[in-house]
Amino acid sequence: MKVIEYRIKNDPVRINVVEDPSDLAQFKKFIEANQDLCAWDTETTGLNWWDAKVGTFRIRLAQFGNGSESFVIPVEKEVPGDNYRTAVRWALRTIKRLIAHNGTYDMHVVEETLGVRMEELAPKSWDTVLLGKLVDSRAVKEGGPGHKLEEATKHYIDPVVAEEVKGSMTAIAKELGVKKSEVWPVVPLEHHGFNLYAGMDPVLAFRLYRTLRRLVPARSKKRGLMSWEHRLAHVCAKIERQGYILDEAYTRREADKLISEAERWCRVAAELGVDSVNSTDQVAEALIERGHKLTEKTPTGKWKVDDAILSSFPADPLAQAVIKAKKCGKWAKTWFLRFLEQRDSSNRCHASINTAGARTFRMSCTGIPAQTLPAGEAFVRNCFLAEPGHVTVSIDYGNMELRVMAALSGDQTLLEAFRNDADLHQMTADAAGVSRKAGKTTNFCVAFGGGWQAVHEQAGVSVEEAKKAVKGFWRTYPGVRVLADQLQKEARRKGYIYTATGHRLMVDRDRPYAALNYAIQSAARDITARAVIELDRAGFTPWVRLIIHDEIVFSFPKERAAELAKQAAEIMQFTMNGLLIPTDADIAEGRPWGAIYDKDTKH
DNA sequence: TAGAGAGGCACC
DNA sequence: AAACGGTGCCTCTCTA
Numbered sequence: 001m002k003v004i005e006y007r008i009k010n011d012p013v014r015i016n017v018v019e020d021p022s023d024l025a026q027f028k029k030f031i032e033a034n035q036d037l038c039a040w041d042t043e044t045t046g047l048n049w050w051d052a053k054v055g056t057f058r059i060r061l062a063q064f065g066n067g068s069e070s071f072v073i074p075v076e077k078e079v080p081g082d083n084y085r086t087a088v089r090w091a092l093r094t095i096k097r098l099i100a101h102n103g104t105y106d107m108h109v110v111e112e113t114l115g116v117r118m119e120e121l122a123p124k125s126w127d128t129v130l131l132g133k134l135v136d137s138r139a140v141k142e143g144g145p146g147h148k149l150e151e152a153t154k155h156y157i158d159p160v161v162a163e164e165v166k167g168s169m170t171a172i173a174k175e176l177g178v179k180k181s182e183v184w185p186v187v188p189l190e191h192h193g194f195n196l197y198a199g200m201d202p203v204l205a206f207r208l209y210r211t212l213r214r215l216v217p218a219r220s221k222k223r224g225l226m227s228w229e230h231r232l233a234h235v236c237a238k239i240e241r242q243g244y245i246l247d248e249a250y251t252r253r254e255a256d257k258l259i260s261e262a263e264r265w266c267r268v269a270a271e272l273g274v275d276s277v278n279s280t281d282q283v284a285e286a287l288i289e290r291g292h293k294l295t296e297k298t299p300t301g302k303w304k305v306d307d308a309i310l311s312s313f314p315a316d317p318l319a320q321a322v323i324k325a326k327k328c329g330k331w332a333k334t335w336f337l338r339f340l341e342q343r344d345s346s347n348r349c350h351a352s353i354n355t356a357g358a359r360t361f362r363m364s365c366t367g368i369p370a371q372t373l374p375a376g377e378a379f380v381r382n383c384f385l386a387e388p389g390h391v392t393v394s395i396d397y398g399n400m401e402l403r404v405m406a407a408l409s410g411d412q413t414l415l416e417a418f419r420n421d422a423d424l425h426q427m428t429a430d431a432a433g434v435s436r437k438a439g440k441t442t443n444f445c446v447a448f449g450g451g452w453q454a455v456h457e458q459a460g461v462s463v464e465e466a467k468k469a470v471k472g473f474w475r476t477y478p479g480v481r482v483l484a485d486q487l488q489k490e491a492r493r494k495g496y497i498y499t500a501t502g503h504r505l506m507v508d509r510d511r512p513y514a515a516l517n518y519a520i521q522s523a524a525r526d527i528t529a530r531a532v533i534e535l536d537r538a539g540f541t542p543w544v545r546l547i548i549h550d551e552i553v554f555s556f557p558k559e560r561a562a563e564l565a566k567q568a569a570e571i572m573q574f575t576m577n578g579l580l581i582p583t584d585a586d587i588a589e590g591r592p593w594g595a596i597y598d599k600d601t602k603h
């Protein structure tokens, strides 16, 4: 056993690094003594846990600890009897309460590499990222504590420790002469700095747990949010695990087409003097040289050269080439090539779902960036297929955020409009004496915390019409005014608001108007989250593929698709303060996700 | 040479 | 009185 002595402020910390199977006796003693509550973590070769089957992803270390002592187990090292791996499996199953920082990842790791199912661990896990979000959901750049281990350590424990831990892997990479992103698979298991870094993780997670638990607002606790958020995370981890089938042939074909198209337009641009179409500086300079007048600048004083500006020179071959080259290149790399790179050995892509990603707790999704795929068309969505013999089904909420606004405010006119299925956008337009477009944009802008300026820019209507529309909105729906004022007052007085479900959301002092949107957005997220949990209870999770704000995508067996869609839609729909948030199911005729759009366009 | 910031563009 | 909320990700550019 190698022992590393460390200090957090003045508290001694002891890190025991197992060097020989005979050291495991001491480890087992420690686990037995700490089995009621113990923190853990893993170090791995990379992030793609789904590649464990093909061996390009491996677990290297597993660590367990409390606030003052930890053990580092070199699981990657092969020893007779497989003792290290057996000991880790035993520890994970013996500990009654596990603490981890972003534990979903580690659960994927040990499931794929050690065969410990996440179903065994998730129900007894606390995740310090989720607890941190409940305390303060803001990122560092938003003035909050942040949620990475280093950030949370800096904010809640000790900045010196955070700096040393954060800096240690950078220093090791430098020492080994590799990039920081490449250090994980090559750093020797017994490297002192690596052992310190690894051994400190569970110690910090344990300390964070103790601190954060106390700081979770009483109201959130009373509403059961701690366990509710963990349950949601568990369901989403199962969705990540099963993944979504990639249509490899289609994806490759479309990628190739886009790449050659992009190359063709890049050559045209190069002949006209721009060899880097994504460089706004170059493009601006070339356009000016070609005699065009640029008028708009960015906030930092550079020439603005976006799609709208490029499109204003329809006769210029350079502008057109830049538009096409950028679009094709971006689409190829962001969607098609990325999916091909990310897929596992059985051609499935695994999204990474951050169940409380945004400061409003809205989920965010990477890997399959489901929330930013081009909407309303099949092109990119066709990369993903329902299982063989299944069809894609998409169920979404109708007018979710506006209905939530109505339900939260209790505004009688809005509620009445929704109950009668009235054309709300026309209603706003008529009440304000403006166009339908101005009315529709106003409805959304107000829910986003916007004013006439936003309506003017987005709807493309005159300043006068925009002002008239916004004024009309507040006059017509006075209940929303009351709600917005209450929330702003609360935000100004306390610096935060509580949502309908009991989440505390910090509001910037200089942007109190954002409170209305936070309340709406967060409540809407909770309705979708509730649906995800209820669908899981009803056994639907194996069919869930993606969650996209107000939409859930399923792969249902073809013969049962209509029946299952109906059941799922009923589970998802929700009555909030007496107002129904209805759901609508789209059943595709085939396996590709995009087929739901083909169906629409046929009619 | 990695990381951060900015610009741009995809979405709810 | 008025105030546009929340994301992911690619590329270029500058900095340390």
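Heads up: the first sequence begins at 1 in this note's numbering, then just goes up one per residue.
Using N, Cα and C, we set each Cβ at its ideal position, and we do this for glycine too.
Could you check how far apart the C-beta atoms of residue i and residue j are, in whole angstroms? I think they sit under 8 Å.
i: valine 642; j: tyrosine 84; result: Since the displayed the chain opens at 1 and closes at 603, residue 642 lies outside it and no answer follows.
i: phenylalanine 64; j: cysteine 38; result: 6 Å
i: valine 235; j: isoleucine 527; result: Not quite, the Cβ-Cβ distance comes to about 15 Å (not below 8 Å), so this is no contact.
i: proline 604; j: leucine 373; result: What is shown of the chain runs 1 to 603, which leaves residue 604 out entirely.
i: glutamate 551; j: isoleucine 395; result: 7 Å
i: alanine 500; j: leucine 408; result: 6 Å
i: tyrosine 657; j: methionine 506; result: The structure shown has nothing for residue 657, since the chain only spans 1 to 603.
i: asparagine 278; j: lysine 326; result: 6 Å
Can you look up residue i in the DSSP assignment and give me helix, strand or coil?
i: leucine 505; result: strand
i: arginine 58; result: coil
i: glutamine 458; result: helix
i: aspartate 105; result: According to the sequence as given, residue 105 is tyrosine; it is not aspartate. Tyrosine 105: helix per DSSP, three-state reduction.
i: isoleucine 678; result: The shown model of the chain, from 1 to 603, leaves out residue 678, and the question about it has no answer.
i: lysine 602; result: For lysine 602, the predicted structure reports a pLDDT of 36, less than 50, and the residue's modelled location is therefore unreliable. The matter cannot be settled from this model.
i: threonine 392; result: strand
i: glutamine 573; result: coil
i: asparagine 412; result: Per the sequence shown, residue 412 should be read as glutamine rather than asparagine. Reduced to three states, the DSSP call for glutamine 412 is helix.
i: glutamine 26; result: helix
i: phenylalanine 313; result: coil
i: alanine 39; result: strand
i: valine 13; result: strand
i: valine 3; result: strand
i: phenylalanine 206; result: helix
i: glutamate 551; result: strand
i: arginine 214; result: helix
i: glutamate 544; result: Residue 544 is actually valine in this sequence, not glutamate. In the structure shown, valine 544 sits in a strand (DSSP, three-state: E or B).
i: tryptophan 50; result: helix
i: proline 592; result: strand
i: lysine 304; result: coil
i: leucine 189; result: coil
i: tyrosine 597; result: helix
i: glutamate 179; result: Note on identity: in this sequence residue 179 is lysine, with glutamate being the wrong assignment. Here lysine 179 sits in coil by DSSP.
Tell me which residues share the same chain as residue i and place their Cβ nearer than 6 Å to its Cβ, disregarding the 5 neighbours each side in the sequence.
i: lysine 324; result: Trp265
i: alanine 676; result: Nothing about residue 676 can be read from this structure; the chain reaches only from 1 to 603.
i: valine 446; result: Phe473
i: lysine 2; result: Val17 and Glu19
i: leucine 215; result: Val135
i: threonine 601; result: With a pLDDT of only 44 at threonine 601, under the threshold of 50, the placement of this residue in the model should not be trusted; the figure read from the coordinates follows. Same-chain partners within the cutoff: there are none.
i: histidine 603; result: Confidence is the limiting factor: at histidine 603 the pLDDT is only 35, short of 50, which leaves the residue's position unreliable, though a coordinate-based value still follows. None.
i: alanine 531; result: Met572
If I measure Cβ to Cβ from residue i and keep anything under 7 Å in the same chain, skipping five residues before and after, which residues do I get?
i: aspartate 536; result: Val235
i: isoleucine 172; result: Val183, Val187, His191, Gly193 and Phe194
i: aspartate 136; result: Gly144, Pro145 and Met506
i: proline 604; result: Residue 604 is absent from the model: the chain starts at 1 and stops at 603.
Who are the Cβ neighbours of residue i in its own chain at under 8 Å, not counting the five residues just before and after it?
i: arginine 252; result: Phe336 and Leu340
Quick check: is any heavy atom of the ligand PLP less than 7 Å from the C-beta of residue i?
i: phenylalanine 554; result: In the structure on display, the ligand PLP does not appear, and there are no ligands present to speak of.
Original post:
What beta strand (DSSP E) runs, 3 residues minimum, are completely inside the stretch 334-385?
Top reply: 352-354 and 364-366
Original post:
What are the start and end residues of each continuous alpha helix (DSSP H) run of 4 or more residues lying completely inside the stretch 216-277, in chain order?
Top reply: 218-222, 225-242 and 248-271
Original post:
Would you call the stretch 176-185 and the stretch 87-105 in contact, with 3 or more CB pairs under 8 Å?
Top reply: no
**OP:** State whether the stretch 5-22 contacts the stretch 154-172, with contact taken as three or more CB pairs (one from each stretch) at a distance under 8 Å.
**Re:** yes
Original post:
Are the stretch 353-369 and the stretch 226-243 in contact at 8 Å, needing three or more beta carbon pairs?
Top reply: yes
Subject >> Whole alpha helix (DSSP H) elements within the stretch 426-472, 4-residue minimum >> reply: 436-447 and 452-459
Original post:
Does the stretch 339-347 touch the stretch 203-221, meaning 3 or more C-beta pairs lie closer than 8 Å?
Top reply: In this structure the stretch 203-221 does not touch the stretch 339-347; the number of beta carbon pairs closer than 8 Å is below three.
**OP:** Entirely within the stretch 67-154 and at least 3 residues each: give me those beta strand (DSSP E) ranges in chain order.
**Re:** Listed in chain order, they are 69-73, 98-100 and 125-127.
Subject >> Three-pair Cβ contact test at 8 Å for the stretch 478-498 versus the stretch 199-211 >> reply: no
Subject >> Complete beta strand (DSSP E) runs within the stretch 470-536 (minimum length 3 residues, chain order) >> reply: 496-498 and 504-506
**OP:** Determine contact between the stretch 248-264 and the stretch 299-315, defined as no fewer than three beta-carbon pairs at a distance below 8 Å.
**Re:** In short, these stretches do not touch, since the Cβ pair count stays below three.
Original post:
With a cut-off of 8 Å, do at least 3 Cβ pairs link the stretch 429-436 to the stretch 463-472?
Top reply: Yes: at least three Cβ pairs fall under 8 Å.
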